[in-house]
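For reference, the structure is listed below as structure tokens.
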Amino acid sequence: MHGNAVGTPKLPDTVLYGVSYYSEYAPVDRVEQDARMMKEAGINVVRIAESTWGTLERSEGVFDFTHVDRMLAAFQKEGIKVIVGTPTYAIPTWLAREHPNVLVVRPNGRAQYGHRQNMDITDPDFRRAAERVIIKLIEHVKDNPAVIGYQVDNETKAYFTSGPNVQAAFVAHMRKKFPDLEKLNMAFGLDYWSNRINDWADFPSVNGSINASMSNAFADFQRGLVTEYLTWQADLVRSRARPDQFITQNFDLGWKDYSYGVQPEVNHWEAAKPLDIAGVDIYHPSQDKLTGADIAFGGDLTRSLRNGQNYLVMETEAQGFPEWTPYPGQLRLQAFSHLASGANMVGYWHWATTANGIETYWRGLLSQDYLPNEVYAEVKTVGADLQRLGPKLVNLRKKNQVAVYVSNTAQAGFDAFKVHSEGKTLSYNEAMRPYYDALYRMNVEADILSPSSTVPLSNYKLIVVPSLYAASDAEIAKLNAYAKAGGHVVYTFRSGFADEHTKVRYAVQPGAISEAAGISYHQFTNPVNVTLDGNPFGVGKEDNKARWWMEFVTPTTAKVEARYKHPSWPAYAAVTRNTYGSGEVAYVGFMPSDAVIEKIVAEHVKRAGIELPKVRFPLIIRGGTSQEGRQVRYLLNYSAKPQRMTYGYGNGTDLLSGQAVKRGQSFELKPWGVSIIEEN
Amino acid sequence: MHGNAVGTPKLPDTVLYGVSYYSEYAPVDRVEQDARMMKEAGINVVRIAESTWGTLERSEGVFDFTHVDRMLAAFQKEGIKVIVGTPTYAIPTWLAREHPNVLVVRPNGRAQYGHRQNMDITDPDFRRAAERVIIKLIEHVKDNPAVIGYQVDNETKAYFTSGPNVQAAFVAHMRKKFPDLEKLNMAFGLDYWSNRINDWADFPSVNGSINASMSNAFADFQRGLVTEYLTWQADLVRSRARPDQFITQNFDLGWKDYSYGVQPEVNHWEAAKPLDIAGVDIYHPSQDKLTGADIAFGGDLTRSLRNGQNYLVMETEAQGFPEWTPYPGQLRLQAFSHLASGANMVGYWHWATTANGIETYWRGLLSQDYLPNEVYAEVKTVGADLQRLGPKLVNLRKKNQVAVYVSNTAQAGFDAFKVHSEGKTLSYNEAMRPYYDALYRMNVEADILSPSSTVPLSNYKLIVVPSLYAASDAEIAKLNAYAKAGGHVVYTFRSGFADEHTKVRYAVQPGAISEAAGISYHQFTNPVNVTLDGNPFGVGKEDNKARWWMEFVTPTTAKVEARYKHPSWPAYAAVTRNTYGSGEVAYVGFMPSDAVIEKIVAEHVKRAGIELPKVRFPLIIRGGTSQEGRQVRYLLNYSAKPQRMTYGYGNGTDLLSGQAVKRGQSFELKPWGVSIIEEN
Amino acid sequence: MHGNAVGTPKLPDTVLYGVSYYSEYAPVDRVEQDARMMKEAGINVVRIAESTWGTLERSEGVFDFTHVDRMLAAFQKEGIKVIVGTPTYAIPTWLAREHPNVLVVRPNGRAQYGHRQNMDITDPDFRRAAERVIIKLIEHVKDNPAVIGYQVDNETKAYFTSGPNVQAAFVAHMRKKFPDLEKLNMAFGLDYWSNRINDWADFPSVNGSINASMSNAFADFQRGLVTEYLTWQADLVRSRARPDQFITQNFDLGWKDYSYGVQPEVNHWEAAKPLDIAGVDIYHPSQDKLTGADIAFGGDLTRSLRNGQNYLVMETEAQGFPEWTPYPGQLRLQAFSHLASGANMVGYWHWATTANGIETYWRGLLSQDYLPNEVYAEVKTVGADLQRLGPKLVNLRKKNQVAVYVSNTAQAGFDAFKVHSEGKTLSYNEAMRPYYDALYRMNVEADILSPSSTVPLSNYKLIVVPSLYAASDAEIAKLNAYAKAGGHVVYTFRSGFADEHTKVRYAVQPGAISEAAGISYHQFTNPVNVTLDGNPFGVGKEDNKARWWMEFVTPTTAKVEARYKHPSWPAYAAVTRNTYGSGEVAYVGFMPSDAVIEKIVAEHVKRAGIELPKVRFPLIIRGGTSQEGRQVRYLLNYSAKPQRMTYGYGNGTDLLSGQAVKRGQSFELKPWGVSIIEEN
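Chains as they are written, first to last, in the working numbering: chain A, 532 to 1211; chain B, 532 to 1211; chain C, 532 to 1211.
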């Protein structure tokens, strides 16, 4: 199924509504009671077994499938499907005791036992033990008809493994990449501070490196370890599984107290290749901070990993952190928002909150009392709706005209030299997300592209490329060629600055973008009291300021859309656009306010020939084509107040209420309300 | 004398007014001069020798008592009594060199030599050396008539000792407590993240644990080590001391830049058992931040350790930190405030400031010049008053109607999951102290109870139980039974949430309190812009807000005293009270402002049938019965302005001025002033 | 040339205008092109080779001088002089691999390879390797006529080396200093917390010490290691170099995000002795934060190291940090400001920015594109001016009447017990610099003295002694004797508090200053809401407050110039002055606002009989006597606005414009403008 962008045939033909479940953690034996409660709430899928290795294999080679068997039996009885997770991301006590070497060695030393994700995923003893438990588990469960698929490991990363074994593997890897050591010295600038390597035997530990070319090559190598490890697990599972069972992983995004951006430790595009379908967890702020943007971004990214294939939300919050307890209505809104992005599953982590351990306050659907609560009551309403509407809502297809381009390499480069200003720092994700979020607020749906994407750029009318700090010549050439052929590209500050080795280009900046964008600059600064001359975007005073970064851009062939104003600085260009071949390349040489970003993006959406929707946040409209070929639109009210809009699409039916909706009619959404309109 | 709650017969029949003294640290030989200066100031007791092991025993087994002998001679000559401290809390250089293993191994590695309190109190080599120096010292000094008692060690803790030896002892201890390993796995929820222990041999180091049940069991074990160690020292000293000499320890409280709350590393109730009398150090803010609350809390807690027995303030500040230099008058106010809580001794740390070392700016009574200063002049006035009034003021007896209930186990549980809100955290002590402080400000005196207390709960009309996060069923049952029998209990948020193993209860919350309080809840959140509906306590707008935590309480049988108000939340109950048997149980499901706490507490003081005093902070009134059987009241002005009150008690005499005071007369206290009225 | 205060005969008779250059780091071979571009810009000197050991010596004993040879050839061809740096401060990979022991052991463990300045400068293997590369390099380059001098190592320090070998050397050093161990115990107060050392064999590692006497003795020992190491390098280089070549070092100052104050890790006065001329790097804020004060302070200090001898600015920023990108005009202003302090060289670090490595954003004159930019254009104008005016501007002589007295020992003492107030801390440099800065703003030029200075104090009319926390009796006696003989001294708070061992004096405070200043105090505090009574300096309300520290000073013979005011404190003296012999000693017992400091300093400048200039910051006037014996004055406008002044000196010529300037004429300076007036 690799690269298959159409549907996910191994999955049920309805939306999966699920929870993670651990009878192992339950205070009493209550799996049958829980299965009944789930059934009542419309839960139709449960994920089990990941992180319970210690219960499954109680000492080396001694297995106990009691919990798994009881769960499978109970769920099968209630008609609930099961996704079985390989239990490898939390190792048992006996494994750490017998093979202390399985504990990961990080730059600050060997990990202690206790935490999950504390193993060296390259360690042979770990692999041997993992292989044994995976095989045993898959063989034990695969024939149960309730089991529809597998999750390999969980939120996998390399955990910064960097002991002598990994160092040796990295050196071997580099030697392969740079057979000529001198080329490595040159590419990484190792002459600096005497760091040059004159003999492979002299290669020092990367842990002490002060060279971002080296550190980022190592980070890239570590991302490669993740792909290799997941491929190994997927192949292992596939070799034992039933052919109709799917394989997924639960990816997690870059974290900023919640799921926020690109995951720096994994190349999700590469790591998704060995899977049948991508899975993801999306955790986001709630209450007054609920905007839906994080749900949309996480969904758009995950859907893009396999070229538009639908995906599974393996985990999202029901109650979550204490400050995330949802207002009445928010849980419904969230569930349908996931579907609006193309999710085929919404899974809560997890059924009930653990009574001990570090996640006691990362709360599940139920509290530790396992009793129905306000959240359970709301889940029930979603479950009932999905039972009815699932087949209509599953396998939503999108065809977006806009893409946002992201890159692990650019992220590593940008974040090796984060922008500092007035004691604060700006990360890659913080430079990128505001562009995505501006599109989101304007109801312009987008795909997410990366250097590993295989979808043709020509599918899109507009590609926004925020801060592509580090990229190969070929990569930039591809983007420029897209523009030349008629596409629209918006590059933002620091794009093109360094090559794929985080080496700053020996060239007029912005490097290979310079000609396409029709601009050049030699210098930059952190702007203080710099505004845009004449308030060209008509925003408030504070929003008209330049923030964080400011390049001294002068146009060559470009038209200047905005200039800076400051008592001591010349009036360098702030925003430019350049006709390039049959297309256009815009450049934003600073970090604008959110308000200005929205104006810039709106302008270029329009210039790319895309119609800008009339409604905007807090009214969110997202949709696509159902598997029956109908237009389905989710109308989502991300506010505590009722919102009224003029329904501007084809006549249809509000699937939740069953009422007809006519083009041009006035339509009201309740606070945190949702409607789903299927066109006739 | 264990458990003897009446007086302290081995102590002099007057108030001890003292200093710690170290002729070892003096810049020149001036012990006789210092003794004379002390005598002039009314100092009648000196603590010596603790922390001077290196001077006493200059190499293994080679003792030099010159300093001790000179001090004893000088103080005896001036009629000053001496408390001798065992010198074990700061080890000599030779011991660390000869036995590096005596240095404590903490989770971050073995301690370096230099700091005090850097030893493993369980290490056999340490114990052997400690035993030798203790025996030598006691035998050397015990026959000197000036020596009235001993302090065993100082501010003792386990110093987070957690090396392999302590880990092994902990595992043995757990094995004894949980002969059935499966019960441990269940009680601690070790299945979570594969942490289950299938064989005692697999028991991983606690240092890496992500399980608060485990970490808190270890912390409890460490507290046990402190009790064991102090018992060992006390027994050792007692076996050599004269029978008329007492044994004490210098406990220190939980620290928040000053002595603030419950000490998490020691169970003071248990550790006080091997002593004859409890000692404590109390350090507190000064200048405009001087409120007396910390003096009162520390005193009430220490007095409660041995059921109302008077106690010794072994250390308190004279000058202290630079920001604590007292305003004129404050030192007098502080000294008498200690007596007002039942202290039989006020000791300053220390006579003169050290000229080198880490405490150069933790200043004594004198500065490094050893010359009379402003503080010395004020101490002289206190000394003179105490010389005259000591026998009237010593052995103050209290009979309080209110108690505040605290617990090491609850503290460990609460603090393992501190409440977070808007980037700040709330600790157990910060959730508890505002309730004590509200009582203090209203001049309602209180005892402090803990699970180790042996005093009958029925002694009290009202017990305030702040955030009893973790407690056994039996412990809660005892509190509920007290209420049922007619008592009044005020529980606050998170009480009853977890059992004694920090395992969240598998029950309707607040667990065993639910029925008694007549309420239940399943969910909670951090309140943002949540107020109390209708401002039920009549406080200012800001004070009417809910802070930190908010439980979704619904009453079953309780009466709701206050409800929340918020645009999106239902109106859950904020404060409830419930008739329970012949008594009443109130519940406060959030963290109110100090102003609201005071209103709630005032209401329940009154409901418990206790008269609420008319004067309040900054006028503080505290007192009890003197050993002559008279009512003694301390009137304390904690403000920079004169305060006038109507004297509302029986006719008496102002002991300090000698003037008669009549019921109903107007009475003025100077800024930071104090009066002591003995009723006729 | 040691101690030679007149000129620097080995240097060219013009101003050196230079860059550091590393063809090793260049992206392509472009040394000849760069040399041409430098020549065009007026660059006449280049520093090379420091930090490129790995390129020079590619494996043990295998040398490759290609880069050095090509650079020498290219610069010689363009008539550019060369300063060759020994490459020892960044070690090659092979050295760390073959001799892991060369990596420094700090208190937190052995350094990893990667960073510069990561070696143990006392390690014999390091010394052996350093000696070999130094000799090879010097012998290789010395006969090239372009080579005018050498820089030994770079920004040398001891890097906190504190492994067992250094500990042993320190103990040996202490044993020599304190043959009687008992005297050490007494001097350092080691009895405290049992830290006494009864046998040299028991001497514990300094790393764990809680005793500032010990830690500061170790810091002093480490500073001695730097002096010893630089002497060793200088002797080694001198033994090989041509006699007409000079030896310098690149000192760096105490750092506070920029060059700010006294360097705590080096005694610059001692370390400058083995050199022929002192060098320094000065990095400072720019844009609106450019004041010139940091340039002036760094220059005054470096000029003072060798009694007024001119000095070399080996490094300063061209672009620097992103937030330091200079406004148009600032680079010129900075360059001439260095000369105004007596610099004979202004060198930029560095020619072009590195494309990789940790300093990618510490930008050189050129960006990574090696193309002319705005900065290069401005440098060209400076270069052209210097080509013309260099011989007139070189070897500026100053004769200052005011000195600021600083001390490594005082700094170590002060900073061991930094002043804390309201959660912030005040360091020695932060207590000292405001006094220097006040002089700077008033255009009163000053020298910098230290205990190592050999210039007679009687050269000065006024010596300001900020916070001389720790000093020997002899040192203070010398200052007092200066005053007694007619000098003026202003001591500030905490001066005289401790002796040279950071032991607080057993004496009335401020110790030996007490009599000279005619004051005494026993106590102090952190002032809160304390003002100066009656606003004696006529400043704004906020500026009239006492900050940080406040001593309870009472005069004995002194006149009180200002008193504190506070509701609860007595009116202690804040500022005093005392006639002492034929001179005067003032004392400032607190940390005033900058505005009050300026008033106090102005008052004492006048009392010392020095005329106070009429213009003040942002108009800065600095100057001296040229080697032709003429008065040369730099008029510097440190503001973004034009500034007008009445020219109040002798008739002369504006060297930059060539125009005549007459006494009394109105004179305007452009924003960030500079004029240099040579009197006729």
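For every residue, glycine included, the Cβ atom is placed at its ideal position computed from N, Cα and C.
| query | result |
| --- | --- |
| State yes or no: is the C-beta of V1070 of chain A within less than 8 Å of the C-beta of A1126 of chain A? | yes |
| Kindly give me the distance between the Cβ atoms of F777 of chain A and H799 of chain A, rounded to whole angstroms, as I take these residues to be in contact under 8 Å. | 18 Å between Cβ atoms; not a contact. |
| Does chain B have any CB closer than 8 Å to the CB of N747 of chain C? | no |
| Can you say whether A661 of chain C is buried or exposed, counting buried as having 16 or more other CB atoms within 10 angstroms of its CB? | buried |
| Taking 6 Å as the limit between beta carbons, can you name the residues of its chain near G1155 of chain B, skipping five residues before and five after? | L927, R928, K929 |
| Could you tell me the alpha carbon to alpha carbon distance between T1110 of chain B and P1086 of chain B, rounded to whole angstroms? | 12 Å |
| Taking the beta carbon of N742 of chain A as the centre, do at least 16 other beta carbons fall within 10 Å, making it buried, or is it exposed? | buried |
| Just the C-alpha distance for F1121 of chain B and W1079 of chain B, rounded to the nearest angstrom, thanks. | 7 Å |
| Under three-state DSSP, which class holds E1209 of chain A? | strand |
| To the nearest angstrom, report how far apart I579 of chain B and I669 of chain B are at their CA atoms. | 12 Å |
| Taking 7 Å as the cut-off, is the beta-carbon of E905 of chain B closer than that to any non-hydrogen atom of the ligand GTP? | Of the ligands one can find in the structure shown there are none, so the ligand GTP has no counterpart to examine. |
| Applying a beta-carbon distance threshold of less than 8 Å, which residues of chain A neighbour D1030 of chain C? | Simply none; closest approach about 39 Å. |
| Would L806 of chain C be called buried (16 or more neighbouring beta carbons within 10 Å of its own) or exposed? | buried |
| Would you kindly report the start and end of the unbroken alpha helix (DSSP H) that includes I1007 of chain B? | 1004-1015 |
| Report, in whole angstroms, the separation of the C-beta atoms of G1027 of chain A and L999 of chain A, which I expect to be a contact under 8 Å. | 6 Å |
| If we count Cβ pairs, one from each stretch, closer than 8 Å, do we get three or more for the stretch 585-602 of chain B versus the stretch 633-640 of chain B? | no |
| Do the CB positions of L864 of chain B and L1167 of chain B come within less than 8 Å of each other? | yes |
| Since R1025 of chain B sits in a beta bridge, which residues does DSSP pair it with? | Answer is none; R1025 of chain B lacks a bridge partner. |
| Run through DSSP, which three-state label would W763 of chain B get? | helix |
| If you draw a straight line from the alpha carbon of I1007 of chain A to that of P695 of chain A, how long is it in whole angstroms? | 36 Å |
| Do you know whose CA, among A:L862, A:E961, A:V975, lies nearest V793 of chain A's CA? | A:E961 |
| Give the straight-line distance between the Cα atoms of A621 of chain A and D684 of chain A, rounded to the nearest whole angstrom. | 9 Å |
| Three Cβ pairs or more, each shorter than 8 Å: is that satisfied between the stretch 1041-1061 of chain C and the stretch 846-855 of chain B? | yes |
| Alpha carbon to alpha carbon, what distance is there between L547 of chain B and Y789 of chain B? | 24 Å |
| What residues from the stretch 547-576 of chain B come within 9 Å of chain C, judged by C-beta to C-beta, listed N to C? | Y553, E555, Y556, A557, P558, V559 |
| Among the candidates B:F1024, B:G860, B:D560, B:A874, whose CA atom is the shortest distance from the CA of E846 of chain B? | B:A874 |
| Decide if E581 of chain B is buried, meaning its Cβ has at least 16 other Cβ atoms within 10 Å, or exposed. | buried |
| Please determine, among A:L924, A:A1117, A:K1090, the residue with the shortest C-alpha to C-alpha distance to Q1158 of chain A. | A:L924 |
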